[in-house]
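Peer 1: Below you will find the structure I want to go over with you.
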Amino acid sequence: MAELRAGEIDTIPEAIEDIKAGKMIIVVDDEDRENEGDFLMAAENVSTEAINFMVKEG
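According to the numbering used here, the sequence shown is numbered sequentially starting from 208.
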């Protein structure tokens, strides 16, 4: 599973590189909107462990 880096916000190019590397990322919206995040990863890298993590933690 990918390392967690709490509180860090990456640029879009950094997020794309993480996705290409098979990592799961969290995409967040603005505080003035829903103020929530969504798990995202490339479908080709999804595993049962990743799905379980998203269901449990999401």
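Heads up, the beta-carbon is just placed ideally off N, CA and C, and yes, glycines get one too.
Tell me which same chain residues have a C-beta within less than 7 Å of the C-beta of residue 164, skipping the five on either side of it?
Peer 2: Not covered by the structure: residue 164. The range shown for the chain is 208 to 265.
Peer 1: Provide the residue span of the alpha helix (DSSP H) that contains residue 225, from first to last.
Peer 2: Counting along the chain, the alpha helix (DSSP H) containing residue 225 begins and ends at 219 to 227.
Peer 1: Just list the residues that DSSP pairs residue 214 with in beta bridges.
Peer 2: According to DSSP, residue 214 bridges with nothing at all.
Peer 1: Could you name the residues that DSSP lists as bridge partners for residue 244?
Peer 2: 235, per the DSSP bridge assignment.
Peer 1: Between the beta-carbon of residue 244 and the beta-carbon of residue 233, is there less than 8 Å?
Peer 2: The answer is yes: Cβ separation under 8 Å.
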